[in-house]
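Residue numbers (the numbering used here), protein chains in the order written: chain A, 1 to 425; chain B, 1001 to 1507; chain C, 2001 to 2363; chain D, 3001 to 3148.
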């Protein structure tokens, strides 16, 4: 049995660990266009801000692959997938045979139609290299425009601001971090960011980037951006951080079915036998929505990776489905949101509480006695207990009144439920 | 009306070593009297000494030993041998409350402790002492009515017993846990005594609090009490027990009834006592169906009938002036065991004036009762359990030499599981989780630990008793029982020696 | 118990005895030899003998051996006796002058039976009547002491070494099927004649070597049944315990022995159910009768001889048999001295009574 | 594997487990220094939960399929050879994703820095975790149980 994994992020790690837990010696090859062992993408902003060292960026360290007896082919891109003959072709013409292959190519940054790109200091913010580029080009940068008020946009913004760069965020939507947050939470966060001096422009977007003349000596430098609204903002760096979309180049022209992401069944197998997919590249089951969605979140990717790995190794293991959840911390303000925190349909019971002076926000969404989603700003210590209630589909009817307590946790459970959790864990 | 300004100085000083205190607030959480207060701004712990009862919970639990709690260092200057600080405080207290002063545990008045005026004998030369580590040493004791003689039929295949022996309690060590009611103490304490009794092969006593259904499994090691309030008494209660005890009196409060305040009567307690939740449980001073010895006899036989003569019936009285005559009457009334509780016996709550002034020491009562029953030739007909402030194994040995079959311990048992004899049981806020029903405080007794501590105590005392027996050249407890020749008195008057039936040391 | 002072007679001792189970009667020479050979186990402060079958002509009479300090006490006692008994014969107990035995008291023996009417008034059996008389004389009659009170038997005791005592009483002139003897080693006040062993009540005579640590409770126990322990000796207590158990409670000798030397609970638990229950009840009821502490005793009675050790055997006792004769002694030497060739010799186990009886009980 | 379990019926809410946990994870391992001399103060990894009369200590359950390990964005959470879930503060970026997915609320943020989390490591090197050793009422036990 030969395994090939395309992509080397968290889904890949999950797959390797799962495969090796069942199959100690079949060869595993990992192909990645990035030169590094798996690192923490979500941490690139912290890397930029200097919170975390190079070595600590690595999820498992160099030795992991050796320990797991995995052959790594880093810095090479898989460009073709021959599903008939089970061959993966690399950009160096190299060919890899597989019996089972996992596509974990993640997402690629979404670049909006822009005039005046191709100048220096116009950077995306998805990979470690992106972050490094930003770092290397920082000197002399006073003011940066961040396109996109999503998660990565805000992370980049905070990092830059902490590095002493004036930051303007430009967000197309009417608020930042939609859909991860509801309006209220967005507002609270927006306030907080503004306190720190970050400017936020919503319902607008950059159309043109203007800059200095380019010469042989050096590329043109960014001078300013012009917004759809006509507003012009001078700046000397532009970060494009709108978000990512599933990276599906490899399946183009194959018989592998995809929609907005690669479609997989509950074993993470695509419609083509022996071809699996996991992570941000997939479009998979969300049990709260009851449909398949693209949910580019890290924990989900790991889980899918390991489910895929187990099934590839012949162990039947169903993917229970996941749901959206986010833990955000900006300027020491923790925010968590999970599941259906802002349902559009009827029939949901919504409990909210807002304490302005402490900046405490708590919002729970229930349906038929079950917790479906929540948003918490401030006291997040026991939020995991709520996540558990959603994940384990526990009926909360008879202790609903406790749910809104800031310190709601196991202590607020009915005894039998608490015992079940604590004594049997 | 404005609150009366209290003139009562604090009883205790709380010293906190600032170099050691880490403000972890363990003391704050442990003190059920709120004598320790955490100051959030200062992140420091302060004390309100006026609230301290000196129970030492905080000093024991302080992880850095930063605390010392001792008697207040500025004792009332006015105090003298007659007007002691204690007496002055009592007057002040009553001046401020206008009520009866309550207290807990046994009297702390310095009445003579006769145990400490008796010494034991040991073998030298003419007969060998016995080493309990090498030779068998028997503590097994049977409590119950014994016939004066046994009758046998002598057949070819050997003698066969004609006499039918009255029901007996079999003890592996001559120590039982004395009556402490569920209500006065928490369920966990009861469970611990029950488990320890089972482990040690002895008995515990429900007191007048009834028996919680969960503890029925320990029935074979349980003596159930029938007291003037008749709380928790029904058929199953009598049936499950190993023996029954009619409580006439208690050493700490002879002639006084009991009173469990309503706030202590929780759901579980109301179930067990068979009274409504939250109602005061008041046991009358006398049994209102016992106004005479013949009435007692009727109750004794009523209980024997109810249990088909399968269980010994014990009658417990407080040691008072004419205990001997009373005891003789009780034996003739049909009791199989008499328990005599001396003036130093404990209580969960009693008027201080009663506790400190009514009754007589167990040593004298025991000696008098044993001798009286022998003089009347009825000593076999009932076993004697002595109670009231037994502190150690030597007290036990001396009591048995004076004539007791076994002893009841209660205060010692509670001390074993944490009690510091602070005498505040009646407040229901016992910081050691013993005399309380407070849901937060009762958790402080973990029956696993308490059972272990109680079993250890019984084991330790039993080993010491064996050592003392061996020294006297005796290898069975029955040869010590009533064997007053192994006692000698020190510093006692002729009259005291006479009552105790012992010789002065040197004779 | 109202003790003014207490000086219990503590003593070590030698003891020996034998029984001819065929009823053959022999003179006192053997027994004297036997006890003499254990001379150094006694210290000259007391010796004594009991003999069974010595008064065939008066075998239906109670034979009372008395010692008197003075004529006055003799008159007083005889006055009492005459009131209550029919005395068919009385005489001085024959003795011989020996240097060793100094100022002997007046020694007198009576062959008598209770007066029917007085006894019936008292509503007592003959035995009880006699026991009461013995108690009365020993406790109330100043200077009078009953050495023995059984039928067809007698006790002979004095202060001195046993062999001297035997010589003094001319024991070679008596013939008995059971002889027991005792040499005393008191560790306190010089013994007095009454304090010497054997201790007797009715036909039971006990010689004893040991010290009973349970004396205090044994005594109080007996007092509950009306016994007066005036002599402050363990042996007296032993004698009364046997009297209580055998005569008044009608227990068998084996049962009585199991009370004095009770088996341990652990041993009882190993017995088969019926015996187990029997021993359990025996201990529960007669706990105060347990003789706790070192002892070896010989109990003589009309029909036999019993040897018993305490429950952990802290004192010596050797038993031997030759044909129809059973010997019991502190030391084997005491037996070999009078019967060098033995069929068997053994040391009885702790608390295991050795019971030898006459083949023909009505000689 | 052996884990620490809490018996709430005997937890007296003294918080000694937390105190000794903190000391165990301090530099000096000396209770007085740990509290009075070491700044920032070491972090406790056991947490006494309280509600009315109910108190009990919760620490990491070291789940076999630990969601925090799966969810950790940086690999700061991992399983060691004992099967215990351990946390590498250097890798931790304080995103609190672990907190978000821990169904026990056993992981808590550092109240002061509001970033790094601290969690139970079962006291490596100790035969029994110190919280269990120092619990005065045996409300904490260290034992093997079947996982449901």
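By construction, the Cβ of each residue, glycine as well, lies at the ideal position given by its N, Cα and C atoms. Computed from a predicted structure; not experimentally measured.
C-beta atoms of residue i and residue j nearer than 9 Å
i, j, result
"residue 1203 of chain B", "residue 1410 of chain B", "no"
"residue 29 of chain A", "residue 72 of chain A", "yes"
"residue 1171 of chain B", "residue 1207 of chain B", "no"
"residue 1347 of chain B", "residue 1430 of chain B", "no"
"residue 428 of chain A", "residue 108 of chain A", "Absent from the model: residue 428 of chain A. The displayed extent of chain A is 1 to 425, so no value can be given."
"residue 374 of chain A", "residue 338 of chain A", "yes"
"residue 3127 of chain D", "residue 3003 of chain D", "no"
"residue 2227 of chain C", "residue 2245 of chain C", "no"
"residue 1488 of chain B", "residue 1469 of chain B", "no"
"residue 1186 of chain B", "residue 1437 of chain B", "yes"
"residue 428 of chain A", "residue 11 of chain A", "Chain A is shown from 1 up to 425; residue 428 of chain A falls before or after that span and cannot be answered."
Length of the line joining the Cα atoms of residue i and residue j
i, j, result
"residue 331 of chain A", "residue 169 of chain A", "16 Å"
"residue 2313 of chain C", "residue 2296 of chain C", "8 Å"
"residue 1022 of chain B", "residue 1417 of chain B", "28 Å"
"residue 2239 of chain C", "residue 1109 of chain B", "49 Å"
"residue 1244 of chain B", "residue 1373 of chain B", "22 Å"
"residue 77 of chain A", "residue 31 of chain A", "7 Å"
"residue 1335 of chain B", "residue 1221 of chain B", "19 Å"
"residue 402 of chain A", "residue 387 of chain A", "15 Å"
"residue 59 of chain A", "residue 115 of chain A", "37 Å"
"residue 1024 of chain B", "residue 43 of chain A", "36 Å"
Same chain, Cβ closer than 6 Å to residue i, neighbours up to 5 away in sequence not counted
i, result
"residue 2030 of chain C", "2338"
"residue 1115 of chain B", "1395, 1398"
"residue 23 of chain A", "313"
"residue 1278 of chain B", "1262, 1265"
"residue 260 of chain A", "283, 294"
"residue 3088 of chain D", "3076"
"residue 257 of chain A", "263, 271"
"residue 1073 of chain B", "1013"
"residue 1297 of chain B", "1333, 1334"
Which of helix, strand or coil DSSP assigns to residue i
i, result
"residue 349 of chain A", "strand"
"residue 1328 of chain B", "helix"
"residue 3035 of chain D", "helix"
"residue 2002 of chain C", "For residue 2002 of chain C, the predicted structure reports a pLDDT of 37, less than 50, and the residue's modelled location is therefore unreliable. A value from the coordinates is still provided. Residue 2002 of chain C falls in the coil class under three-state DSSP."
"residue 2204 of chain C", "strand"
"residue 2184 of chain C", "strand"
"residue 3020 of chain D", "helix"
"residue 1451 of chain B", "helix"
Whole-angstrom C-beta distance between residue j and residue i, which should lie under 8 Å
i, j, result
"residue 1272 of chain B", "residue 1210 of chain B", "4 Å"
"residue 2166 of chain C", "residue 2069 of chain C", "In fact, because the Cβ distance is near 23 Å, the residues do not count as touching under 8 Å."
"residue 1464 of chain B", "residue 1383 of chain B", "Their Cβ separation, rounded to whole angstroms, is 22 Å, which puts residue 1464 of chain B and residue 1383 of chain B out of contact at 8 Å."
Close beta carbons around residue i, own chain, < 8 Å, minus the five adjacent residues each side
i, result
"residue 165 of chain A", "138, 141, 142, 143, 144, 237"
"residue 2091 of chain C", "2108, 2109"
7 Å CB neighbourhood of residue i in its chain, flanking five on each side removed
i, result
"residue 1057 of chain B", "1030, 1031, 1431, 1432"
"residue 2122 of chain C", "2129"
"residue 2059 of chain C", "2151, 2152"
Residue i: CB within 8 Å of a non-hydrogen atom of the ligand SAM
i, result
"residue 2227 of chain C", "Although the ligand SAM was asked about, the structure shown includes no ligands whatsoever."
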